[in-house]
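> Residue numbers (my numbering), protein chains in the order written: chain A, 892 to 1008; chain B, 944 to 1053.
Just so it is clear, CB atoms sit at the ideal spot from N, CA and C, and this is done for glycine as well.
A quick note: this is a predicted structure, and the numbers were derived from the prediction, not measured.
Spelled out as structure tokens, the structure:
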């Protein structure tokens, strides 16, 4: 069974960088697929952030691309997200997920990141 | 990229069927058979209910079905049950090599 678990600070100050890691178990990242991030601001809908392949090839939401960095570490079987210059609008529950062209079939439980001083 | 268009809410009585629409463009919904649907109960993570327009993942009830016509995809829930009350989101791959979600639909079981 494929399992994903997000980790990272729950509180980030405005203008700083939000960093999250997603640890994957039950599947080797080096075997393929894209792995991505989705977020959901409190009381709002879902937003796709970006996805990365096991080789480091990335797809990014154009609205976030200038602030977004994604990486993958196949030796640790995890992938990461960095979002710079955050504001209160970046406050959300962040989910990591396995990305198929036709849907996200496995995802983590989500982690709330609050941007506040 | 613009979000896909979903009705804000739909409702139905137990045992009835409802359909949620998801309208995009020829650059996303209409251009690819890569539409998915997610169910989200309050405080829970979204659950994949349909992928690739009409495929059900293992463990998803066959009361849930998906289809597509032109630039509009649809999720049908038949034999409504109280546990189906939730928010539903559609998503599609796009020609820009990105994914886009719909705004979400709140399903109320009367």
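Mind listing the chain A neighbours of residue 1040 of chain B? Cutoff is C-beta to C-beta under 7 Å, in chain order.
Going along chain A in sequence order, the residues near residue 1040 of chain B (Cβ under 7 Å) are 950.
> Inspect the CB distances between the region 989-998 of chain A and the region 1016-1023 of chain B and report whether three or more fall short of 8 Å.
Because the criterion of three Cβ pairs below 8 Å is not met, the region 989-998 of chain A and the region 1016-1023 of chain B do not touch.
> For chain A, is any of its Cβ atoms less than 8 Å away from the one on residue 967 of chain B?
No, its Cβ sits nowhere closer than 8 Å to a Cβ of chain A.
> Is it right to say residue 1037 of chain B is buried, meaning 16 or more other beta carbons lie within 10 angstroms of its own, or is it exposed?
That one is buried.
> Given a threshold of 16 other Cβ atoms within 10 Å of its Cβ, counted over all protein chains shown, does residue 1040 of chain B qualify as buried or as exposed?
Under this definition residue 1040 of chain B is an exposed residue.
> With C-beta atoms as the reference, is residue 1053 of chain B less than 8 Å away from residue 960 of chain B?
Contact flag unset, no.
> Nearest chain B C-beta to residue 938 of chain A closer than 8 Å, yes or no?
So yes, residue 938 of chain A belongs to the interface.
> Using a C-beta to C-beta distance shorter than 9 Å, which residues of chain A count as neighbours of residue 971 of chain B?
The premise fails here: residue 971 of chain B is roughly 12 Å from chain A at the closest Cβ pair, so nothing lies under 9 Å.
> Does any residue of chain A bring its CB to less than 8 Å from the CB of residue 991 of chain B?
Yes, because at least one Cβ of chain A sits closer than 8 Å to the Cβ of residue 991 of chain B.
> I'd like the ranges of any beta strand (DSSP E) spanning at least 3 consecutive residues and lying wholly in the region 982-1050 of chain B.
Runs found: 990-993, 1007-1012, 1015-1020, 1029-1036 and 1042-1044.
> For the beta strand (DSSP E) that contains residue 991 of chain A, what are its first and last residues?
Counting along the chain, the beta strand (DSSP E) containing residue 991 of chain A begins and ends at 983-991.
> When the Cα atoms are used, what is the spatial distance from residue 972 of chain A to residue 1009 of chain B?
One C-alpha to the other measures close to 32 Å.
> Taking any Cβ of chain C, which residues in the region 979-1000 of chain A have a Cβ under 8 Å from it, in chain order?
Any reference to chain C falls outside this structure, whose protein chains are A and B.
> In chain order, what residues of the same chain lie with their CB nearer than 7 Å to the CB of residue 911 of chain B, ignoring the 5 residues before and after it?
Nothing can be reported for residue 911 of chain B: it is not among the residues displayed for chain B, which extend from 944 to 1053.
> Can you tell which of B:988, B:995 and B:1021 has its C-alpha closest to the C-alpha of residue 1004 of chain B?
Answer by Cα proximity: B:1021.
> Using a Cβ-Cβ cut-off of 8 Å (strictly less than) and excluding sequence neighbours within five positions of residue 1045 of chain B, which residues of its own chain qualify?
So the qualifying residues of the chain are 946, 947, 948, 949, 965, 1032, 1033 and 1034.
> With a threshold of 7 Å (Cβ to nearest heavy atom), would residue 920 of chain A be considered close to the ligand NAD?
Of ligands this structure carries none, so the ligand NAD is not represented either.
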